[in-house]
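Counting in this note's numbering, the sequence shown runs from -6 upward without gaps.
Let me begin by presenting the structure, written as structure tokens, before commenting on it.
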Amino acid sequence: MSERLVSVALPVALDRGFTYAVPTSWPSAPEPGARVLVPFANRGLVGVVRAAPPEKLNGARIKLLEEVLDPPGAPSLTPKLARLCEWVADYYVAPVGEVYRLALPGLLTGHDVRRVMLSEAGAQALTAAREVVLQPVDDAGLPTAAEQRVLAALASAPGASSRSNG
């Protein structure tokens, strides 16, 4: 089986994507638009997987992706937004990773982002009233300050679990 490679946009002042290998233990490569943690210059950086094909590197040692930060099927950048970032980088001759960073400032720079989701038991115990409260958050995407307070209360309720991304 050939090595699975992806192109990653990193928030650095170099105008190109960086090629990384997908670990063989992963069932599939992360989808374009997903945030990934990668080793870069003796530190870890958060980047975004690009739809562009990875560069062919003759004889260079290719490093492995360390972690996918977005849940499967929910990349931080939609395909449409990723295409816009690529266009902006090309049109304005800007480093592609910096353009991606500006599209998702808090997410791409690695600031702590807390995602709250229902556990299996919590989903089964979800009352109709709680479901009504959660629906606008699902529809709107990013919560307002008031919604964040509600989410914090729900996150601490029995039957909920949370994890931190970033």
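Quick reminder that beta carbons are idealized off the backbone N, C-alpha and C, glycines included.
In this structure, DSSP gives Pro129 a helical state, which the three-state scheme calls helix. Judged by DSSP in its simplified three-state form, Val5 adopts coil rather than helix or strand.
Contact check for Val42 against Val(-1) passes: the beta carbons are separated by less than 8 Å. For Tyr93, DSSP records no beta bridge to any residue. Per the Cβ contact rule, the stretch 3 to 22 is in contact with the stretch 87 to 97 (3 or more Cβ pairs under 8 Å).
Contact annotation: the stretch 65 to 72 does not touch the stretch 110 to 125, with fewer than three C-beta pairs closer than 8 Å. Beta-bridge analysis with DSSP links Pro47 to no other residue. The count of Cβ pairs closer than 8 Å, one atom from the stretch 33 to 40 and one from the stretch 72 to 80, stays below three, leaving the stretches out of contact. Excluding five sequence positions before and after Ala53, none of the CB atoms of its chain fall closer than 6 Å to its own CB. In this chain, the beta strand (DSSP E) harbouring Ala14 covers Phe11 to Ala14.
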